[in-house]
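A short worksheet on the structure shown next.
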Amino acid sequence: MRLATGDTRRQPRSGLFQRNAAVAACPLLILLCAGGAFAQTIQNAEALWRAHDYEGANNTFKALVAANPKNADYRVRWGDLFYERFNQTEAGNLYQEALAIDPKNARALLGMARLLADNYDEKANQYAARAIETDPKLYQAHELMAKVALEDDNQMKAESEADAALAIQSDAVDAIAVKASIDLLADKESPWVAKIGNRGKGYETIAYFDVINRRYEEGIQFYRKAIAATPDLWSAHSQLGVNLMRLGREEEAKKELDLAYENHFRDAATANSLTLIDSYKKFDTFRTPTTVLRFNKKEADILLPYFQEVMLRAMATYEKKYKYTLKEPLQIEVYPDHDDFAVRTAGLPGLGGILGVTFNNIIAMDSPSGRPPGSFHWAATMVHEMSHAYVLSLTNERMPRWFTEGLAVHEETAASPDWGDRLSPEIIAAIRDKRLLPVAEIDRGFVHPTYPSQVIVSYYQAGKICDYISERWGESKLLDIIHEFARNRSTVDVVRDQLGMEPAAFDKDFLAMIDKETGKTVAGFPDWTKQVRELNQLAKDGKNDEVIAKGRAIEGLYPDYVEAGNVYTFIADACLKKDDKACAIDELGRYSKNGGRDTETMKKYAKLLADAGKPKEAAAALERLNFIFPQDAELHERLGGLLLDTGDAKGAVREFQALIAMHPIDTAGSHYNLARAYKAAGRKDQAREEAVSALEAAPNFKPAQKLLLEVSGEGDK
Ligand SMILES: [Zn+2]
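The structure is reproduced here in structure tokens:
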């Protein structure tokens, strides 16, 4: 999975059930509904709830709370109803109201813990611990802590919390399921599975842990078991559907999702997944024996050649590097609407602001058109996700999260040094504050972040660990480690055996490398920030020489910064104001080399190069943009021309084809250009067709007439 830096949006929940919903169900009992003359009892509310009359239960709770404003327990149960009916916000409000009345209300604390745990918020533990403090018999709080610990891959704590729950309640089903999951994730037979008996909830919990450990097939098996035990466990039907959809089994997925939906299990994942399956008819699918590419019809023509090229190249690289060939065709789905794609990831940890995700051999990712130009490197995301597809298949999903992600981040930069993510200010702050985690604990930085940017920092750190291993022990060491993890060994054991050192010693060496690589930037960051502000002022004042001098003095302090307000652009602009083009070219060269992605800046750079008589360099600059934002007619027109001039006829054909796929205004000119490229590539028949197309659009277009004659074999006369 790959994240957009700094973006932590989440899919909004569709709260179908509202606290202040109109009391339409009982117009005759208006007094009752309003909490008036007739006394409501908690038993009434619970009975309606059990009978699935959620509106009735809601109205009864409303009346009860109105009549007993100081009763915390009523608010908690009302909150539980909202929780069950997918309205987290209202549930949270009611728990907090209850805690304002009674700060030691254990059920309210547990309710809060559960809500937070659902959102992978590490504060869940604190609420659960407080719940146990106030009510030591509340075994559900221990169960919750066991689940949170297992999400972090902390088996020891998960085990002890599950045991604590079982000591209070010997048949606590989630505690039993956690014990079973610990065994099953370690590929051991588990005596605990049988103890679940006919309680579907328990199998559902095991399935959940399979899924978050990317073992989708096993997860599906356990959801099926859950349904066999408890046929009306609609949450399991829904999750079975969601996971079947992730693996591309849409027909059965739809059946299960429909079933859940019809039975009023309508959480965001269920509703949105059904919408997504409906939207598949807007997609075109392109197959080869080893690849499947799926695009929205409106952008398939333009994206297909670029995606196919990067995909095939990465497959060849990975087959060699990982010494492994995928057993099934690799499928990549490209979504122009980010929300459609986000549906596929709902409920998985650490995925706010995600760009791509891999489910076994299926990759779903954002389309470049779904993000602002220059903000998203689709090719880097693609090779990242493809690394997951190979490595997870080759290890049968037995890889810790940190190594899976770290390796994929490492592959982005291995594909091309300017592709990977840059050192961002939030990562600099984390290094400065010594917030990088020990290698033995880094997994929790992905699942339960303790500060807002920790997931992004963890991606960075894991990537750097893989870079470091590659540099010190050789790239092939990464494959050795993959094979060790495939045997389901722990990070600590693998570090000891494969790197020949204790994890603590590894951390020390690794941090020394980080310090060497980033120390200057980290230490100089406050000064750099101040000086960039001054640079900004100098630029505003038009003091070009000073901008250039000052900019050059500080650009080495933080070379990775290529975002808005970067030093390279300040300098290049100042150079251009002085009409010193060589100076601007030099500066923008550094911008490009350091991964600058702004489309306008890169086009400006390419134009300067072309004007300076460097068409090859200009083409290379523009080619970088194809991996960032290919939906740009001007880019293809200019690049096609440059490639044609420099003798790359094949590349020119690709570019002018892309131009035509974008339906440019100058139809005749575009077909004519493509005809020229075909001619240069020795493809006379196609050149003739394109020349004819150009003349259909503009019958008196002289160059096209001339070209048509040439490729018709009459040009030599
Ligand atoms: Zn990833």
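Each number in the numbering used here corresponds to the 1-based position in the sequence shown with 1376 added.
By construction, the Cβ of each residue, glycine as well, lies at the ideal position given by its N, Cα and C atoms.
{"Query": "Distance cut-off 7 Å: Glu1787 Cβ against heavy atoms of ligand 1", "Result": "no"}
{"Query": "Cβ of Arg1865 within 8 Å of any chain C Cβ", "Result": "The question asks about chain C, but that chain is absent: this structure has only one protein chain."}
{"Query": "Buried versus exposed, by CB contacts within 10 Å (16 or more), Tyr1656", "Result": "exposed"}
{"Query": "Straight-line Cα distance separating Val1554 from Asp1843", "Result": "35 Å"}
{"Query": "Beta-carbon contacts of Arg1575 that lie in its chain and below 6 Å, excluding the five residues immediately before and after", "Result": "Val1549"}
{"Query": "Nonlocal neighbours in the same chain, by C-beta distance under 6 Å from Glu1931, ignoring five residues either side", "Result": "Val1943"}
{"Query": "His1764: CB within 7 Å of a non-hydrogen atom of ligand 1", "Result": "yes"}
{"Query": "Euclidean distance between Cα positions of Gly1468 and Pro1825", "Result": "21 Å"}
{"Query": "Minimum C-alpha distance to Tyr1374 - residue among Val1524, Gln1907, Glu1519 and Asp1949", "Result": "Because the chain in this structure spans residues 1377 to 2093, residue 1374 falls outside the shown range and cannot be described."}
{"Query": "Separation of Phe1735 from Arg1590, as counted between CA atoms", "Result": "7 Å"}
{"Query": "Buried or exposed by the 16-neighbour rule on C-beta atoms within 10 Å, applied to Leu1854", "Result": "buried"}
{"Query": "Chain-order list of residues whose beta-carbon lies under 8 Å from that of Pro1705 (same chain, five-residue window excluded)", "Result": "Arg1663, Thr1664, Pro1665, Thr1666, Thr1667, Val1668 and Asn1737"}
{"Query": "CB contact flag (Ile1678, Pro2006, <8 Å)", "Result": "yes"}
{"Query": "Closest by C-alpha distance to Lys1577, when choosing among Asp1885, Lys1630, Lys1696 and Asp1547", "Result": "Asp1547"}
{"Query": "Closer than 7 Å: Glu1781 CB and nearest ligand 1 heavy atom", "Result": "yes"}
{"Query": "Validate contact between the region 1811-1830 and the region 1777-1786 using beta carbons, cut 8 Å, 3 pairs", "Result": "yes"}
{"Query": "Met1621 (DSSP reduced to helix, strand or coil)", "Result": "helix"}
{"Query": "Asn2076 burial status per 10 Å Cβ neighbour count (16 or more: buried)", "Result": "exposed"}
{"Query": "Reduced DSSP category for Val2068 - H, G, I as helix; E, B as strand; rest coil", "Result": "helix"}
{"Query": "Bridge partners - Met1741, DSSP secondary structure assignment", "Result": "Val1710 and Gly1732"}
{"Query": "beta-carbon Ala1784 near ligand 1 non-hydrogen atom, thresh 7 Å", "Result": "yes"}
{"Query": "Buried or exposed (CB count within 10 angstroms, at least 16 for buried), Glu1695", "Result": "exposed"}
{"Query": "Nearest-angstrom beta carbon gap, Gly1927 and Phe1946 [assumed within contact, 8 Å]", "Result": "5 Å"}
{"Query": "Neighbourhood of Asn1501 by C-beta, 8 Å cutoff - its chain only, sequence neighbours within 5 removed", "Result": "Ala1489, Met1521 and Val1524"}
{"Query": "heavy atom of ligand 2 below 7 Å from His1760 C-beta", "Result": "Among the ligands modelled here, namely ligand 1, ligand 2 does not occur."}
{"Query": "C-beta atoms of Leu1985 and Glu1999 nearer than 8 Å", "Result": "no"}
{"Query": "Euclidean distance between Cα positions of Gln1597 and Ala1612", "Result": "11 Å"}
{"Query": "Short Cβ contact (8 Å threshold) for Glu1787 with Val1759", "Result": "yes"}
{"Query": "Endpoints, the alpha helix (DSSP H) within which Arg1663 is located", "Result": "Careful: Arg1663 lies outside any alpha helix (DSSP H), inside the beta strand (DSSP E) at Phe1659 to Arg1663."}
{"Query": "Sequence-distant residues of its chain with Cβ nearer than 6 Å to Asp1785 (five each side left out)", "Result": "Note that residue 1785 is Val in the sequence shown, not Asp. So the qualifying residues of the chain are Tyr1835 and Gly1839."}
{"Query": "Helix, strand or coil at Asn1672 according to DSSP, with G and I counted as helix", "Result": "strand"}
{"Query": "Asn1495 beta carbon less than 8 Å from that of Ala1448", "Result": "no"}
{"Query": "Thr1667 - DSSP class collapsed to helix/strand/coil", "Result": "strand"}
{"Query": "Where the alpha helix (DSSP H) containing Pro2079 begins and where it ends", "Result": "Lys2078 to Leu2085"}
{"Query": "CB contact flag (Leu2050, Arg2064, <8 Å)", "Result": "no"}
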